[in-house]
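Participant: My questions will all concern the structure given below.
2 protein chains.
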Amino acid sequence: MNNPISQIKLNELAKVAIKVGLRLEEGQDLIMTAPLEAAPLTRLITEHAYKAGAGLVTTLFNDSEATLARFKYGHDLSFDRATDWLFNGIGEAFDNGAARLAISAENPMLLANEDPEKVGRANKAMSKAATPMRKRIVEFDINWNIISYPGADWAKLVFPNDSEHDAIAKLAEAIFAASRVDLDDPIAAWDEHNKNLAEKSKWLNGQNFAALHFSGPGTDLKVGLADDHEWAGGASRAKNGIVCNPNIPTEEVFTTPHAAKVEGFVRSSKPLSYQGTLIDEIEARFENGKIVEARATKGEEVLINMLDIDEGARRLGEVALVPHSSPISQSGTLFYNTMFDENAACHIAQGQCYSKCFVDSDNISEEQVKANGGNSSQIHVDWMIGNAQTDIDGISQSGERVPVFRKGEWA
Amino acid sequence: MNNPISQIKLNELAKVAIKVGLRLEEGQDLIMTAPLEAAPLTRLITEHAYKAGAGLVTTLFNDSEATLARFKYGHDLSFDRATDWLFNGIGEAFDNGAARLAISAENPMLLANEDPEKVGRANKAMSKAATPMRKRIVEFDINWNIISYPGADWAKLVFPNDSEHDAIAKLAEAIFAASRVDLDDPIAAWDEHNKNLAEKSKWLNGQNFAALHFSGPGTDLKVGLADDHEWAGGASRAKNGIVCNPNIPTEEVFTTPHAAKVEGFVRSSKPLSYQGTLIDEIEARFENGKIVEARATKGEEVLINMLDIDEGARRLGEVALVPHSSPISQSGTLFYNTMFDENAACHIAQGQCYSKCFVDSDNISEEQVKANGGNSSQIHVDWMIGNAQTDIDGISQSGERVPVFRKGEWA
């Protein structure tokens with residue numbers, strides 16, 4: 000049988016990861032994380048990285064079979080363990096100039112049948128251990144990028160009525176389209192797209208709203224924005240001076256909410272795949288910025304465990320605007336993968352904020368981020384709240400309302 | 000086509016790695032290194048590790064395709080880079096109690112067509128960076144183990160007249176036989192074998208020779224032994240208290256030579272595969288413990304680069320005795336892999352000595368190791384010097400000669 004994945008487009012995806020996603024600089028080391036089955040893509044990326052003058056490319060593979068073996072056979076004490084030593088090392092590499100690329104390909108339902116209590120403990124231990132890595136990413140110290148590869152189990156979940164071969168082929172094409180590598184000149188297309196996103200950010204920054212008010216079915220949520228917040232989207236400059244595109248695909252503009260100024264009700268508009276579990280039909284109530292009540296029809300225990308990871312997990316670290324007409328949304332495909340689904344709908348994120356989303360972000364201290372209302376946590380988990388009914392008003396510093404979205408589109 | 004590798008025996012190999020090689024303890028973390036193609040074995044080992052109560056099992060995969068991409072496309076400056084951050088992290092994990100398992104499966108000739116100067120630089124950078132990991136292994140702080148898996152390119156090199164399928168099948172069977180996993184009760188067989196090796200070590204320790212004199216075609220070499228040296232072989236107790244079998248297979252008893260007391264000529268009896276290059280027909284001359292002249296008919300430049308890595312690389316860190324009748328030797332197979340070929344012939348090693356091979360090794364300081372004549376270096380590279388013609392005399396502290404080997408066998 001023929002390979003379901005076009006190797007020509009896969010090669011373009013690898014090129015876009017290096018040339019657009021990371022803009023890897025000559026001499027820069029690269030640390031890549033990937034599932035085993037994404038090895039064909041890691042090899043193409045490695046090739047393009049070295050062609051671009053990379054110092055040393057190191058890939059850390061993870062194996063979902065090994066993860067399942069842990070849940071099947073692991074001693075109880077295993078679930079509080081994490082590879083602190085590895086994340087410490089990655090933090091050290093970032094401080095020495097390495098860039099970071101992650102490939103997303105895993106089965107979003109990998110851990111769906113495992114004990115939620117053990118899943119929660121394992122996630123908590125991992126999130127805590129990952130702090131040295133996450134800190135440098137959320138503070139945008141280095142150029143980083145996430146792209147996707149059509150893993151077989153993920154493809155079968157997205158296209159359940161197709162054979163594995165056809166499901167992989169369809170998911171591959173969906174990834175290529177969303178990542179703009181099916182166009183004649185992907186790099187020029189990304190330049191154009193980045194320009195459009197920058198214009199939206201510029202308008203929002205000019206407005207300097209005090210809050211956004213989301214309304215729609217099941218949602219009546221006022222999201223206060225952090226003091227001195229700044230909107231970003233598309234290409235953005237890391238503190239190491241490199242302008243990169245962290246997410247591929249990306250359709251969002253986003254900023255930092257105020258951790259203590261979120262009020263009201265919100266309902267998720269798409270399922271959230273979190274660490275191998277699907278969490279669906281979330282309803283949450285915020286008071287003074289904090290989720291005081293949360294329910295889900297699926298994965299509720301994993302959701303609650305996630306919200307209880309630390310104090311900041313119940314507060315917001317990001318709010319992002321995506322029109323319902325975005326290409327990913329229009330494809331009508333539910334990807335069960337935040338990398339895609341968050342680019343098909345307005346969303347919010349529990350947990351850590353991006354220090355990039357502040358005025359003069361290169362020089363802002365952790366204390367100042369906090370004073371401005373920026374949240375901190377061991378997690379950063381986006382969940383989708385926008386759909387074709389979503390209205391958003393911007394509330395100005397003087398209390399006036401400005402239409403931002405109407406029926407899911409820019410007003 | 001059927002799988003060329005018996006999954007039943009592969010499972011036994013995984014069990015032997017955990018139960019004999021490592022004797023992994025409940026709650027102990029495990030760090031495994033493996034080539035991508037050995038994933039089927041890593042999964043079985045992961046399963047047996049968790050069944051034995053492992054804390055967390057982490058596998059670091061390496062991809063020979065990525066290595067080749069580096070040599071093909073890498074910027075010149077890439078070849079002086081190494082993953083210091085990763086080795087620092089591994090050192091940290093060992094200090095926190097993790098065990099280490101390595102799977103050997105790579106093509107011994109992977110880098111045979113690459114620029115020896117670049118290969119030498121890459122090896123030097125890697126050896127230097129690996130110090131935090133290597134130090135804890137050579138000082139036997141933790142239980143560790145190396146086993147092998149029949150990689151396709153390696154199999155084709157060993158069995159060049161067979162199809163890939165048959166070559167893999169033959170190499171798999173050779174690995175299983177040498178690793179004693181084709182026997183009814185592999186664990187009992189290892190207990191028996193460990194007992195035999197311990198008896199040889201005990202006899203040699205009782206003799207307390209000042210030196211060994213190797214003679215044979217092209218070889219007339221006097222290897223002075225370190226003061227307070229101790230012979231070891233088979234199972235051995237690491238400083239963390241765990242009795243493990245570091246090498247599977249193993250047929251050797253070995254000790255520490257005196258870094259300044261090796262004199263004469265020596266010729267290799269088998270090719271040496273070093274970091275992807277084959278070095279064949281080595282001839283070396285030692286003066287005051289140091290190689291002052293070295294030649295090879297193949298791979299000479301890589302050999303010289305290796306000997307020039309640091310001051311200690313030209314001196315010996317190990318001398319090991321293996322009878323010509325050892326099962327691996329009798330198989331008549333040249334494995335182009337030191338893990339096997341060193342167990343088919345007496346051998347010596349350039350570079351770092353094992354601090355385990357001293358009296359009261361748990362409490363010996365680095366300074367005392369040095370004062371006793373123990374060598375130090377960033378490398379430890381075994382090469383084979385014994386064959387069916389090898390005679391060895393032990394020279395006692397008072398200068399008397401005691402026959403140790405005659406015509407390749409224990410005298």
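Read top to bottom, the protein sequences are chains A and B. Counting in numbering that gives the first Met the number 0, the first sequence runs from 0 upward without gaps. Counting in numbering that gives the first Met the number 0, the second sequence runs from 0 upward without gaps. All residues carry an ideal CB built from backbone N, CA and C; glycine is no exception.
(1) For G385 (chain A) and S268 (chain A), I'd like the C-alpha separation in whole angstroms.
(2) Which stretch, first to last residue, makes up the alpha helix (DSSP H) that contains P115 (chain B)?
(3) Alpha carbon to alpha carbon, what distance is there between A187 (chain B) and V141 (chain B)?
(4) Alpha helix (DSSP H) containing W230 (chain B): first to last residue?
(5) What's the gap between the Cα of D359 (chain A) and the Cα of R135 (chain A)?
(6) With a threshold of 16 other CB atoms inside 10 Å of the CB of D307 (chain B), please say whether the residue is buried or exposed.
(7) Rounded to a whole number of angstroms, what is the C-alpha to C-alpha distance between Y353 (chain A) and T82 (chain B)?
(8) Tell me which same chain residues have a C-beta within less than 6 Å of the C-beta of K201 (chain A), skipping the five on either side of it?
(9) Do you know how far the Cα of N195 (chain A) is from the Cα of V261 (chain A)?
(10) For D165 (chain B), which residues from the same chain have a beta carbon less than 8 Å from its beta carbon, with the 5 sequence-adjacent residues on both sides left out?
(11) Classify L55 (chain B) as helix, strand or coil using the three-state DSSP reduction.
(12) What number of angstroms, rounded off, separates the C-alpha of K337 (chain A) from the C-alpha of A38 (chain B)?
(13) Specify the secondary structure class of D359 (chain B) as computed by DSSP and reduced to three states.
(14) On the CB-based measure, 16 or more other CB atoms within 10 Å of its CB, does D340 (chain A) come out buried or exposed?
(15) Mind pulling the chain A residues with CB within less than 9 Å of S354 (chain B)?
(16) State yes or no: is the beta carbon of D152 (chain B) nearer than 8 Å to at least one beta carbon in chain A?
(17) For C243 (chain A), which residues does DSSP report across the bridge?
(18) Between which two residues does the alpha helix (DSSP H) carrying M383 (chain A) extend?
(19) Note down, in chain order, each residue of its chain lying with its Cβ closer than 7 Å to the Cβ of G52 (chain B), except the 5 sequence neighbours on either side.
(20) Can the beta-carbon of N371 (chain B) be found less than 8 Å from the beta-carbon of D227 (chain B)?
(21) Quick one: Cα of G215 (chain A) to Cα of P256 (chain A), how far?
(22) Along chain A, in chain order, which residues have C-beta atoms closer than 9 Å to that of I89 (chain B)?
(23) Quick check for students: name the residue ranges of the beta strand (DSSP E) that lie wholly in the segment 261-327 of chain A, counting only runs of 3 or more.
(24) Compute the Euclidean distance between the alpha carbons of Q206 (chain A) and E399 (chain A), then round it to the nearest angstrom.
(25) To be precise: take each residue of the segment 279-309 of chain A, compare its Cβ to all Cβ atoms of chain B, and keep it if any distance is under 8 Å. Which residues remain?
(26) Taking A128 (chain A) as the reference, give the member of A:N287, A:I391 and A:S376 with the closest Cα.
(27) Name the chain B residues whose beta carbon is nearer than 7 Å to that of E64 (chain A)?
(28) Let me confirm a value: T296 (chain A) is counted as buried when at least 16 other C-beta atoms fall within 10 Å, else exposed. Which label applies?
(29) Please confirm whether D226 (chain B) has its beta-carbon closer than 8 Å to some beta-carbon of chain A.
(30) Whole-angstrom Cβ separation of S364 (chain A) and A343 (chain A), contact assumed at under 8 Å?
(31) Does DSSP put T218 (chain B) in a helix, a strand or coil?
(32) Indicate whether the contact test is met: 3 or more Cβ pairs, each with one atom in the segment 241-248 of chain B and one in the segment 172-187 of chain B, closer than 8 Å.
(33) With DSSP as the reference, label R80 (chain B) as helix, strand or coil.
(34) Among A:T276, A:E286, A:G240 and A:A237, which has the Cα closest to the Cα of V380 (chain A)?
(35) Under 8 Å between C-beta atoms, does E105 (chain B) make it to chain A?
(36) Measuring alpha carbon to alpha carbon, tell me which of A:L55, A:N106 and A:D75 ends up nearest E64 (chain A).
Facilitator: In short:
(1) 6 Å
(2) P115 to A128 is the extent of the alpha helix (DSSP H) around P115 (chain B).
(3) Rather than Val, the amino acid found at residue 141 (chain B) in this sequence is Ile. Going by the C-alpha atoms only, they are around 24 Å apart.
(4) Per DSSP, W230 (chain B) belongs to no alpha helix (DSSP H) and is neither H nor E.
(5) 17 Å
(6) exposed
(7) 28 Å
(8) Closer than 6 Å at Cβ, skipping near neighbours: no residue.
(9) C-alpha of V261 (chain A) to C-alpha of N195 (chain A): approximately 29 Å in a straight line.
(10) P3 and F158
(11) coil
(12) According to the sequence shown, residue 337 (chain A) is Thr rather than Lys. If I take the Cα positions, the gap works out to 28 Å.
(13) coil
(14) buried
(15) Near S354 (chain B) there are no residues of chain A at all, since even the closest Cβ is about 23 Å away, more than 9 Å.
(16) no
(17) Answer is A:S235.
(18) Premise fails: M383 (chain A) lies in the beta strand (DSSP E), H379 to M383, not in any alpha helix (DSSP H).
(19) If the five residues before and after G52 (chain B) are omitted, its C-beta is found closer than 7 Å to the C-beta atoms of E25 and G26, all from its own chain and listed in chain order.
(20) yes
(21) 19 Å
(22) Near I89 (chain B) (Cβ distances below 9 Å), the residues of chain A are W84, L85 and G88.
(23) Here the runs fully enclosed are 271-273, 276-278, 282-286, 289-294 and 315-320.
(24) One alpha carbon belongs to Q206 (chain A), the other to E399 (chain A), and they sit about 11 Å apart.
(25) none
(26) A:S376
(27) R42
(28) Around the beta carbon of T296 (chain A), a 10 Å sphere encloses fewer than 16 other beta carbons of the protein chains shown; the residue is thus reported as exposed.
(29) No, D226 (chain B) does not count as interfacial toward chain A.
(30) Going by Cβ atoms, the distance from S364 (chain A) to A343 (chain A) rounds to 35 Å, so no, they are not a contact pair.
(31) strand
(32) Cβ pair count under 8 Å is three or more, so yes.
(33) The answer is coil: DSSP assigns R80 (chain B) none of H, G, I, E or B.
(34) A:T276
(35) no
(36) A:N106
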